[in-house]
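If you read the sequences in order, they're chains A and B. Counting from 8, one number per residue, gives the positions in the first sequence under the numbering used here. Counting from 8, one number per residue, gives the positions in the second sequence under the numbering used here. Here the structure comes first, spelled out in structure tokens, and everything after it is commentary.
2 protein chains.
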Amino acid sequence: MKKKPITILDIGEELNISASTVSRALADSSLVNSETKKKVVELAKKYNYQPNFTALSLQSNSTKTIGVLIPNVVHEFFGLVLRGVEDHCHSSGYSCIVYPTNEDPDREISGIKALMTGRVDGVLLSFRGKTNLHIKQLIERNIPLVFFDTADESFATHRVLIDDKKAGYLATKHLIEVGSKKIGFIGGSENINNQLRLEGYKQAVSEAGITIDPQLIVYSLDKSQDEMGLEDSEKLLSVKGIDGIFATTDMFAVGVLKNLKKINLKCPEDIAVIGFSNWAISRVYEPSLSTVEQPGYEMGIKAAELLIDQIKNPETPSDFKTVLIPTEVIVRTSTARGNNVAHST
Amino acid sequence: MKKKPITILDIGEELNISASTVSRALADSSLVNSETKKKVVELAKKYNYQPNFTALSLQSNSTKTIGVLIPNVVHEFFGLVLRGVEDHCHSSGYSCIVYPTNEDPDREISGIKALMTGRVDGVLLSFRGKTNLHIKQLIERNIPLVFFDTADESFATHRVLIDDKKAGYLATKHLIEVGSKKIGFIGGSENINNQLRLEGYKQAVSEAGITIDPQLIVYSLDKSQDEMGLEDSEKLLSVKGIDGIFATTDMFAVGVLKNLKKINLKCPEDIAVIGFSNWAISRVYEPSLSTVEQPGYEMGIKAAELLIDQIKNPETPSDFKTVLIPTEVIVRTSTARGNNVAHST
Numbered sequence: 008m009k010k011k012p013i014t015i016l017d018i019g020e021e022l023n024i025s026a027s028t029v030s031r032a033l034a035d036s037s038l039v040n041s042e043t044k045k046k047v048v049e050l051a052k053k054y055n056y057q058p059n060f061t062a063l064s065l066q067s068n069s070t071k072t073i074g075v076l077i078p079n080v081v082h083e084f085f086g087l088v089l090r091g092v093e094d095h096c097h098s099s100g101y102s103c104i105v106y107p108t109n110e111d112p113d114r115e116i117s118g119i120k121a122l123m124t125g126r127v128d129g130v131l132l133s134f135r136g137k138t139n140l141h142i143k144q145l146i147e148r149n150i151p152l153v154f155f156d157t158a159d160e161s162f163a164t165h166r167v168l169i170d171d172k173k174a175g176y177l178a179t180k181h182l183i184e185v186g187s188k189k190i191g192f193i194g195g196s197e198n199i200n201n202q203l204r205l206e207g208y209k210q211a212v213s214e215a216g217i218t219i220d221p222q223l224i225v226y227s228l229d230k231s232q233d234e235m236g237l238e239d240s241e242k243l244l245s246v247k248g249i250d251g252i253f254a255t256t257d258m259f260a261v262g263v264l265k266n267l268k269k270i271n272l273k274c275p276e277d278i279a280v281i282g283f284s285n286w287a288i289s290r291v292y293e294p295s296l297s298t299v300e301q302p303g304y305e306m307g308i309k310a311a312e313l314l315i316d317q318i319k320n321p322e323t324p325s326d327f328k329t330v331l332i333p334t335e336v337i338v339r340t341s342t343a344r345g346n347n348v349a350h351s352t
Numbered sequence: 008m009k010k011k012p013i014t015i016l017d018i019g020e021e022l023n024i025s026a027s028t029v030s031r032a033l034a035d036s037s038l039v040n041s042e043t044k045k046k047v048v049e050l051a052k053k054y055n056y057q058p059n060f061t062a063l064s065l066q067s068n069s070t071k072t073i074g075v076l077i078p079n080v081v082h083e084f085f086g087l088v089l090r091g092v093e094d095h096c097h098s099s100g101y102s103c104i105v106y107p108t109n110e111d112p113d114r115e116i117s118g119i120k121a122l123m124t125g126r127v128d129g130v131l132l133s134f135r136g137k138t139n140l141h142i143k144q145l146i147e148r149n150i151p152l153v154f155f156d157t158a159d160e161s162f163a164t165h166r167v168l169i170d171d172k173k174a175g176y177l178a179t180k181h182l183i184e185v186g187s188k189k190i191g192f193i194g195g196s197e198n199i200n201n202q203l204r205l206e207g208y209k210q211a212v213s214e215a216g217i218t219i220d221p222q223l224i225v226y227s228l229d230k231s232q233d234e235m236g237l238e239d240s241e242k243l244l245s246v247k248g249i250d251g252i253f254a255t256t257d258m259f260a261v262g263v264l265k266n267l268k269k270i271n272l273k274c275p276e277d278i279a280v281i282g283f284s285n286w287a288i289s290r291v292y293e294p295s296l297s298t299v300e301q302p303g304y305e306m307g308i309k310a311a312e313l314l315i316d317q318i319k320n321p322e323t324p325s326d327f328k329t330v331l332i333p334t335e336v337i338v339r340t341s342t343a344r345g346n347n348v349a350h351s352t
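So, in structure tokens, the structure goes:
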């Protein structure tokens, strides 16, 4: 049976003073004499009194809690985002409710609806929706919203993203710099991030005076982060003369490296390979994998910071920002040829 | 500026009926005539009325929310636990507040204290505390608590664990079955799970009539999941005649595999290696790594199920259970010798 927690009423009754005097005494108000204060504090301690969160929330119209919708919790990048969000919340006195949506647009909608009922002061979202009515409703209720990783551009909100197009451009340019001329692209799914990375790829290829060849651009059906797109990269590797591959996830890049071993091609000598995200596996695999750093922790910190600032200063006419977290190419063995020496990261 | 959400008072005022009639109408009560009901429902729809979570919580003395303390969110095993917890919460109409504690006992204490203020109906905890006063306080307040992964055995609660001793025993026994006679143990830190895995190791070694050799038992200073314990496994591999290694994490096992390549020893021919957890890397690395499955998703489902059952039936005198989630050895290339054929998992 649930024991009823001690309230200021109980403390007041025992000391024969009013609940508001107890409340003032606990807040160290000058309106209460020091002897009464001492008695109240002692009794509160004795009964292990804790102010009730829910009652305080209703009183203050604030929950000191934010909600975070995470597409995938078994995922290094989103894990890092969550750690960043949590660290900033922790240092700001906020808590964080996490809704994993498993990349399911319906769960995104039900998550947003659950968060709209007054249980959070603001929401962080990596947008995966097919529609955006739920976002519209959230914004109409004036619940602060910050997008991270992916945004629905049709709303005026803060956004914390990476520049996916630039990152794709830098990865492909790096392959060109190490001498690749016929460069394949393998992406996990045709989501907005991968489309932008492909745009960057096309820009780098075009700038180098190379014709864009559709047979070098492949989206794999293996969409899960654990999958390596083995079949699709095998097809890509069968294109004659291919000498470089940009994969939009590190697991896909590892799939390419595995297939290369099978057909006795050497990496980086025959084909240079670069991945995306800088997961642990890119450092651990042999050959170690060049990749693009995707700074999840920094993204989480920044998104939580913007959201909590907006919650605290709701009356400031917001000058919404799109913050791009810088990315960089990390060179390891899989592209270490010519003048490029692999870093020991 | 935050717009005030529509309440039943507003709806009542507009229709010139009492708030309680609105409330009854929304609950489809037989005390309200169908015409009024229709008007109320239409207006509620028009204004997108949502019941206030905080007000409902105070009324019902229930938050329909559980709190989960996770030692590490950038971690495949804990990610899977969280996914299991979330899936069960989702199907039971509960939400889940996540507190990553970063393996820090102080953050475990502050997390528990934050959760004690009435914002959750129950708590899931992987215990990492150095002291347990915070657990005592939680239990004194009759807030249901279920331990997962690691438990403080001094409290009567449900626990959802794996049998770490048995898992360590099975891993070591498997190495003996594939012909290893001088078997090393490398552990990430001397926490309770690893101590139990070591006990299992010792049992298997003793049963095989092999003397336990302290120089074959190593704890690495690299405690982070991303670290591979390279230095420590190098020392272990320098022990003459060593022909098998049981590592308590897959990353440590990969560190061993890397060191073996450096000193030109073959795996599994010269040394058989088995890891722990069945992370993606164990499947992807070459040679693929034999390991012990640690079913995080099942653990999360079961822990959430026991907690929510306890929240719903608080007056049943609880017959607290310790549920052991079954583990099994997954055989891959790193121990595939003799009669053992690597599975293609």
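A virtual CB, placed ideally from N, CA and C, is assigned to each residue, including glycine. Given the structure is predicted, the values throughout are model-derived calculations rather than measurements.
Counting along the chain, the unbroken beta strand (DSSP E) around residue 166 (chain A) starts and ends at 165-168.
For residue 83 (chain B), the nearest beta carbon of chain A is closer than 8 Å to its own beta carbon. Here residue 249 (chain A) is buried, its C-beta having at least 16 other C-beta atoms within 10 Å. Taking the Cα of residue 302 (chain A) as reference, the smallest distance to any Cα among A:110, A:98, A:171 is reached at A:171.
Counting C-beta pairs with one atom in each stretch, the region 71-81 of chain A and the region 111-121 of chain A have three or more that are closer than 8 Å, which means they touch.
For residue 332 (chain A), the CB contacts under 8 Å within the same chain, skipping 5 residues up- and downstream, are 167, 168, 169, 302, 305, 306, 309 in chain order. Neighbours of residue 123 (chain B) in chain A, taken as residues whose beta carbon is under 7 Å from its own, are 57 in chain order. For residue 102 (chain A), the enclosing beta strand (DSSP E) begins and ends at 102-107. Judged by DSSP in its simplified three-state form, residue 226 (chain A) adopts strand. About 6 Å separates the Cβ atoms of residue 188 (chain A) and residue 217 (chain A), confirming a contact at the 8 Å cut-off. Between the alpha carbons of residue 213 (chain A) and residue 207 (chain A) lies a gap of roughly 10 Å. In the three-state reduction of the DSSP assignment, residue 254 (chain A) falls in the strand class. For the region 285-296 of chain B, residues whose beta-carbon sits nearer than 9 Å to a beta-carbon of chain A comprise 287, 288, 290, 291, 292, 293.
Exclusion of the five residues before and after residue 30 (chain B) leaves 15 as the residues of its chain whose Cβ lies within less than 7 Å of its Cβ. Using beta-carbon distances, residue 153 (chain A) does not count as an interface residue toward chain B, since no partner is under 8 Å. Your pair residue 104 (chain A) and residue 127 (chain A) checks out as a contact, with CB atoms roughly 6 Å apart and the cut at 8 Å. The region 282-300 of chain A makes contact with the region 77-86 of chain A, as at least three CB pairs between them are under 8 Å. In the same chain as residue 13 (chain A), and ignoring 5 residues on each side of it, the C-beta atoms closer than 6 Å to its own belong to 54, 56, in chain order. Using a Cβ-Cβ cut-off of 9 Å, residue 93 (chain B) is close to 80, 105, 106, 107, 109 of chain A, given in chain order.
For residue 21 (chain A), the three-state secondary structure derived from DSSP is helix. For residue 48 (chain A), no chain B residue has a C-beta closer than 7 Å to its own C-beta; the minimum C-beta separation is roughly 18 Å. The alpha carbon of residue 163 (chain B) has as its nearest neighbour, out of B:222, B:176, B:182, B:317, the alpha carbon of B:317.
As DSSP reads the structure, residue 193 (chain B) sits in a beta bridge with B:225, B:254.
Proximity of residue 145 (chain B) to chain A, defined by a Cβ-Cβ separation below 8 Å, is not satisfied.
Residue 132 (chain B) is outside the set of residues whose beta carbon lies under 8 Å from a beta carbon in chain A.
When the five nearest sequence neighbours on each side are left out, no beta carbon in the same chain lies closer than 7 Å to the beta carbon of residue 147 (chain A).
Against residue 306 (chain A), chain B offers no close residue; the least beta-carbon distance is about 13 Å (beta-carbon pairs closer than 9 Å).
Taking the Cα positions, residue 342 (chain A) is about 40 Å away from residue 130 (chain A). Under the Cβ criterion of 8 Å, residue 102 (chain A) is counted among the residues facing chain B. Think of a sphere of 9 Å around the beta carbon of residue 212 (chain A): no beta carbon from chain B falls inside it, the nearest being about 29 Å out.
Taking CB atoms only, residue 140 (chain A) has no neighbour in chain B less than 8 Å away. The C-alpha of residue 91 (chain A) lies about 38 Å from the C-alpha of residue 345 (chain A).
At a cut-off of 8 Å between beta-carbon atoms, residue 19 (chain B) makes no contact with chain A.
If you keep only unbroken beta strand (DSSP E) runs of at least 3 residues inside the region 240-299 of chain B, you get 251-254, 279-281.
By the criterion of a C-beta distance shorter than 6 Å, residue 175 (chain B) is surrounded in its chain by 204, 207, 208, once the five residues flanking it on both sides are discounted.
When the beta-carbon positions are compared, residue 38 (chain A) and residue 47 (chain A) stay at least 8 Å from each other.
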